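J.: Mind looking over this structure? Questions follow.
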């Protein structure tokens with residue numbers, strides 16, 4: 103069933119507020135099984151909203167409106183929709199009682215504007231607001247269903263989840279269910295991933311495969327339509343298997359809220375081993391990324407930021423001659439940094455970073471040249487050269503992600519031995 | 103002049119991504135003097151995008167499209183717009199050279215998809231992408247102007263500010279010139295700033311004052327319309343003076359591309375003094391923020407991340423008894439961390455962080471409790487207690503911003519003495 107979302111509010115068109123309601127509602131509607139084809143923002147203007155309603159009902163069976171249910175004069179959504187469907191506005195007694203109670207408590211006089219928030223559309227179903235005063239409505243006619251929700255996310259979210267979602271589920275044909283799985287990849291760009299999977303993606307209508315690029319990683323969302331959850335899972339397992347045959351080397355984990363660092367910390371915790379780091383160009387970005395994961399204190403105790411050559415000598419005891427001979431951006435210095443930090447912190451693993459963040463070159467190396475050292479208590483030390491590009495921040499972020507990848511592979515590799 | 107924004111991307115309709123581009127563009131367009139009447143999101147579907155273009159050009163003179171310029175087959179914006187305006191797609195040599203350089207560096211083979219990113223619409227103006235590979239276009243015909251921008255905010259924002267905004271300004275009636283000035287504030291929330299400046303903001307039509315909240319800071323964009331640049335600057339000076347009378351205590355700098363860390367590093371470089379840090383809950387985020395500024399190596403040599411109590415003892419020589427007596431989250435430990443790090447690195451300033459990032463409490467302190475220590479070669483050591491809120495990442499970011507603010511005030515204060 104096709105759906106669209108209309109957010110009403112001039113503040114959105116002025117860029118004062120981010121339209122997170124559309125994101126929330128889109129995700130919820132997709133999970134229910136609606137196909138959301140449009141999100142639109144329109145200002146507090148009756149004529150433009152009416153035009154949009156006329157358009158929307160030609161292309162969608164469900165029109166979700168958010169915003170414009172408040173007490174002020176520019177809150178016009180319920181008036182415009184009621185006029186559009188040729189119905190009256192009626193006062194809902196439950197909502198009105200809540201408003202009266204609120205006004206009495208606050209000791210303010212009741213105004214006509216306060217009373218407006220208890221209005222809903224005649225012949226519609228009132229939707230109570232668990233977290234505010236404005237009542238919502240679900241109104242259905244032969245054209246479409248209209249769901250009216252308040253604008254503040256703190257009201258809209260609980261109202262949707264508790265009171266609107268069950269009513270919407272009833273609108274849907276009950277034979278089909280949608281189930282999604284997100285696969286995450288590191289070390290392969292979006293365009294290459296899509297090229298490698300071209301046959302699979304193009305041939306697929308159910309499940310669908312949707313790639314999405316984020317900085318330094320790519321996700322694939324697999325979505326299956328089926329009669330039961332078990333059937334959907336079998337379909338997802340099957341398509342996942344085909345994806346893995348082609349690009350499995352780059353796969354690292356599942357889920358929207360996952361990340362390479364979360365997976366790496368999970369692996370470390372699983373094996374009960376610790377990590378430290380010595381960072382030059384990244385200046386703490388690797389360790390602060392580790393620090394973003396709750397519970398990291400079990401596997402990470404601290405480390406070093408040795409931005410200058412002097413700091414490499416003073417904090418880690420790297421010999422000045424080694425730096426003079428090979429340069430700070432070298433395999434030798436990367437290996438020494440990793441091993442000295444590991445010994446100083448008495449940790450199982452250590453990752454080091456030395457390179458050129460840019461924009462200027464250093465020691466004759468262009469921006470983006472980065473050596474990453476990996477020291478392991480059991481398997482010794484090595485370093486790997488990378489050439490990243492784009493700007494300073496992207497280079498630093500790329501180095502951190504590559505460091506996490508090396509660490510994760512080291513843990514997995516040692517587990518396999 | 104009426105404008106509308108069309109964001110193209112199925113990921114937006116699935117609720118996987120928040121449409122912050124619409125917010126950013128709305129604010130920028132309003133500041134330039136465009137009236138934004140609609141924001142729409144449509145999926146990666148040529149027919150629906152074409153329908154929307156037909157509708158948009160009946161109601162808007164400027165249509166800004168974002169997203170769908172990437173390398174994959176579902177990146178269809180430039181194809182659909184070119185077909186809509188009956189023009190060919192042509193390869194831009196500058197963009198193509200950049201893609202070739204990128205592909206060569208990465209050592210991947212060039213694919214047809216990579217080449218697509220260099221395409222722009224014939225008879226349009228190519229807009230180069232300072233932070234990515236996809237070229238944009240500004241195309242004008244008798245119906246409307248079409249601006250094509252990439253979807254990733256990290257590309258869209260610099261591309262808009264550096265290369266698109268000046269071209270859009272030329273579209274506006276030329277009898278009047280628009281000049282903007284961005285003022286940046288730390289330590290005051292958006293709602294309080296707006297409340298304090300309510301009379302000024304409401305009474306103002308020229309210059310306009312537009313507030314914009316970012317994480318842990320607020321900016322005000324002052325925009326004057328005038329016949330000459332000199333006249334506009336005089337108007338901006340006047341309104342800035344009035345703003346400063348009310349909220350000047352929180353002002354720290356000018357400009358869209360500025361930041362508290364850039365201003366702080368600039369101050370350090372101006373006085374030729376150095377800084378180090380010892381970080382517990384922030385785990386390197388303060389130093390990595392310093393490291394984001396090019397040229398920071400003049401004033402920052404390195405420092406410590408002492409996440410565990412043992413690391414505080416081992417790396418900084420904090421006595422175990424001091425931690426046992428006062429707790430790791432204490433004024434005493436914050437001061438000792440700052441001073442020991444300063445001495446170890448022989449730097450002029452040192453900032454320390456010890457506190458509770460959450461989600462769990464620590465030593466009986468709730469998440470968000472943070473002591474920040476400030477050590478100065480000339481003025482001794484002190485520490486200040488903060489209570490931040492929201493989630494783990496926001497607490498860590500808030501602590502870093504507060505640390506930068508304390509450092510900047512320390513430098514400015516000592517300069518005044």
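Chains as they are written, first to last, in the numbering used here: chain R, 103 to 519; chain F, 103 to 519.
Glycine included, C-beta positions come from ideal geometry on N, C-alpha and C.
Nothing here was measured: the structure is a model prediction, and the numbers come from that model.
Starting from residue 286/F and walking both ways along the alpha helix (DSSP H), at which residues does that stretch end?
T.: Translated into the one-based positions of the second chain, residue 286/F becomes position 184. Looking at the DSSP string, residue 286/F is not in any alpha helix (DSSP H); the run it does join, the beta strand (DSSP E), is 279-287.
J.: Please confirm if residue 129/R has its CB atom under 8 angstroms from at least one CB of chain F.
T.: Position 27 of the first chain, counted from the first residue, corresponds to residue 129/R. So yes, residue 129/R belongs to the interface.
J.: Please look up how many angstroms separate the CB atoms of residue 275/F and residue 233/F, rounded, as I've assumed it's under 8 angstroms.
T.: As a first step, residue 275/F is located in the second chain; it is residue number 173 there, counting from the start. As a first step, residue 233/F is located in the second chain; it is residue number 131 there, counting from the start. About 31 angstroms separates the two Cβ atoms, so there is no contact after all.
J.: Quick check on DSSP: helix, strand or coil for residue 299/R?
T.: To locate residue 299/R, count along the first chain from 1; it is residue 197. In the structure shown, residue 299/R sits in coil (DSSP, three-state: anything other than H, G, I, E or B).
J.: At which residues does the beta strand (DSSP E) containing residue 474/R begin and terminate?
T.: Position 372 of the first chain holds residue 474/R. Per DSSP, residue 474/R belongs to the beta strand (DSSP E) from 471-478.
J.: For residue 316/F, list the residues DSSP reports as bridge partners.
T.: As a first step, residue 316/F must be located in the second chain, where it is residue number 214. Under DSSP, residue 316/F forms a beta bridge with 319/F.
J.: Buried or exposed: where does residue 197/F fall if 16 or more other Cβ atoms within 10 Å of its Cβ makes it buried?
T.: For the purposes of this step, residue 197/F is identified with residue 95 of the second chain, where counting begins at 1. Burial call: buried.
J.: Taking only beta-carbon positions, decide if residue 213/F is within less than 8 angstroms of chain R.
T.: Your numbering for residue 213/F matches position 111 in the second chain. Chain R contact via Cβ: present.
J.: With DSSP as the reference, please indicate the residues paired to residue 482/R in a beta bridge.
T.: Locating residue 482/R in the first chain gives position 380, counting from the first residue. Paired residues: 478/R.
J.: Does the beta-carbon of residue 332/F have 16 or more other beta-carbons within 10 angstroms, so that it is buried, or is it exposed?
T.: Position 230 of the second chain, counting from 1, holds the residue named residue 332/F. By the neighbour-count rule (16 or more Cβ atoms within 10 Å), residue 332/F is not buried but exposed.
J.: By Cβ distance, which residues of its chain are closer than 8 angstroms to residue 146/R, with the 5 residues on each side in sequence left out?
T.: Working through the first chain from its first residue, we reach residue 146/R at position 44. Leaving aside the five residues that flank residue 146/R on each side, the residues in its chain whose CB is nearer than 8 angstroms to its CB run, in chain order, 110, 111, 112, 170, 176, 177 and 178.
J.: How big is the Cα-Cα spacing for residue 382/R and residue 130/F?
T.: Working through the first chain from its first residue, we reach residue 382/R at position 280. Working through the second chain from its first residue, we reach residue 130/F at position 28. Their backbone Cα atoms lie some 37 angstroms apart in a straight line.
J.: Closer than 8 angstroms, CB to CB, is residue 229/F near chain R or not?
T.: Within the second chain, numbered from 1, the residue matching residue 229/F stands at position 127. Closer than 8 angstroms: no.
J.: Would you say residue 252/R reaches chain F, if we count a Cβ-Cβ gap shorter than 8 angstroms as a contact?
T.: Residue mapping note: residue 252/R aligns to position 150 of the first chain, counting from 1. No, no contact with chain F.
J.: I'd like to confirm the pairing. Which residues does DSSP put opposite residue 144/R in its beta bridges?
T.: Here residue 144/R is taken as the residue at index 42 of the first chain, counted from 1. In the DSSP output, where bridge partners are listed per residue, residue 144/R has 110/R and 140/F.
J.: Which residues in the same chain as residue 498/R place their Cβ atom closer than 6 angstroms to its Cβ, once the five residues preceding and following it in sequence are excluded?
T.: Stepping through the first chain from its first residue, residue 498/R is reached at position 396. Only 384, 387 and 459 meet the Cβ criterion.
J.: Applying the criterion that 16 or more other CB atoms from any shown protein chain within 10 Å of the CB defines a buried residue, is residue 238/R buried or exposed?
T.: Residue numbering aside, residue 238/R sits at position 136 when the first chain is read from its first letter. Buried: at least 16 other Cβ atoms inside 10 Å.
J.: Tell me which residues of the stretch 446-476 of chain F have at least one Cβ-Cβ distance to chain R shorter than 8 angstroms, keeping chain order.
T.: 446, 447, 459, 460, 461 and 462
J.: If you draw a straight line from the alpha carbon of residue 321/F to that of residue 304/F, how long is it in whole angstroms?
T.: For the purposes of this step, residue 321/F is taken as the residue at position 219 of the second chain. For the purposes of this step, residue 304/F is taken as the residue at position 202 of the second chain. One C-alpha to the other measures close to 17 angstroms.
J.: Taking only beta-carbon positions, decide if residue 410/F is within less than 8 angstroms of chain R.
T.: Position 308 of the second chain holds residue 410/F. Answer yes: the Cβ-Cβ gap between residue 410/F and chain R drops below 8 angstroms somewhere.
J.: Pull the bridge partners of residue 228/R from the DSSP assignment, please.
T.: Reading the first chain from its first residue, position 126 is the one you call residue 228/R. DSSP, once it has assigned bridges, lists 239/R as partnering residue 228/R.
J.: Which residue or residues does DSSP assign as beta-bridge partners of residue 369/R?
T.: Indexing the first chain from 1 puts residue 369/R at position 267. Beta-bridge annotation (DSSP): residue 369/R is not paired with any residue.
J.: Which term fits residue 294/F, buried or exposed, when burial requires 16 or more other beta carbons within 10 angstroms of its beta carbon?
T.: For the purposes of this step, residue 294/F is taken as the residue at position 192 of the second chain. It is exposed - the Cβ of residue 294/F has fewer than 16 other Cβ atoms within 10 Å.
J.: Straight-line CA distance for residue 479/R to residue 489/R?
T.: Translated into the one-based positions of the first chain, residue 479/R becomes position 377. Translated into the one-based positions of the first chain, residue 489/R becomes position 387. Rounded to the nearest angstrom, the two C-alpha atoms are 27 angstroms apart.
J.: Take the Cβ of residue 507/R as the centre, count every other Cβ of all protein chains shown within 10 Å, and call the residue buried at 16 or more, exposed below.
T.: The count along the first chain starts at 1 and reaches residue 507/R at position 405. So residue 507/R counts as buried.
J.: What does residue 251/F pair with, by DSSP beta-bridge criteria?
T.: Counting from one through the second chain, the residue named residue 251/F turns up at place 149. DSSP output for residue 251/F lists 168/F as bridge partner(s).
J.: State buried or exposed for residue 281/F, treating a residue as buried only when at least 16 other CB atoms are found within 10 Å of its CB.
T.: For the purposes of this step, residue 281/F is taken as residue 179 along the second chain, with counting starting at 1. Around the beta carbon of residue 281/F, 16 or more other beta carbons lie within 10 angstroms, which makes this residue buried.
J.: According to a CB-to-CB cut-off of less than 9 angstroms, which residues of the stretch 113-126 of chain F neighbour chain R?
T.: 113, 114, 115, 116, 117, 118, 119, 120, 121, 122, 124, 125 and 126
J.: Can you round the beta-carbon distance between residue 449/F and residue 366/F to whole angstroms, since I take them to be within the 8 angstroms contact cut?
T.: In the second chain, residue 449/F corresponds to position 347, counting from 1. In the second chain, residue 366/F corresponds to position 264, counting from 1. Going by Cβ atoms, the distance from residue 449/F to residue 366/F rounds to 14 angstroms, so no, they are not a contact pair.
J.: Fully enclosed by the stretch 196-220 of chain R, which alpha helix (DSSP H) runs are 4 residues long or longer?
T.: 214-218
J.: Note down, in chain order, every chain R residue with its Cβ under 7 angstroms from the Cβ of residue 162/F.
T.: Numbered from its first residue, the second chain carries residue 162/F at position 60. Those do not exist, as residue 162/F stays about 12 angstroms from chain R at its closest Cβ, beyond 7 angstroms.
J.: Measure the beta-carbon distance from residue 144/F to residue 108/F and round it to whole angstroms, keeping in mind my assumption that it falls under 8 angstroms.
T.: Position 42 of the second chain, counting from 1, holds the residue named residue 144/F. Position 6 of the second chain, counting from 1, holds the residue named residue 108/F. Between residue 108/F and residue 144/F the Cβ distance is about 6 angstroms, and since that is below 8 angstroms, they are a contact.
J.: List, in chain order, every chain R residue whose beta-carbon is nearer than 8 angstroms to that of residue 289/F.
T.: On the second chain, residue 289/F is found 187 positions in, with the first residue counted as 1. Simply none; closest approach about 21 angstroms.
J.: Using a Cβ-Cβ distance under 8 angstroms, would residue 530/R count as near chain F?
T.: Absent from the structure is residue 530/R, since the part of chain R shown begins at 103 and ends at 519.
J.: Does any C-beta atom of chain F lie closer than 8 angstroms to the C-beta of residue 407/R?
T.: Numbered from 1 along the first chain, position 305 holds the residue referred to as residue 407/R. Flagged as an interface residue toward chain F: residue 407/R, by a C-beta distance shorter than 8 angstroms.
J.: Whose C-alpha, out of 330/F, 328/F and 292/F, is nearest the C-alpha of residue 312/F?
T.: The residue you call residue 312/F lines up with position 210 of the second chain. Residue 292/F is the option with its Cα nearest to residue 312/F.
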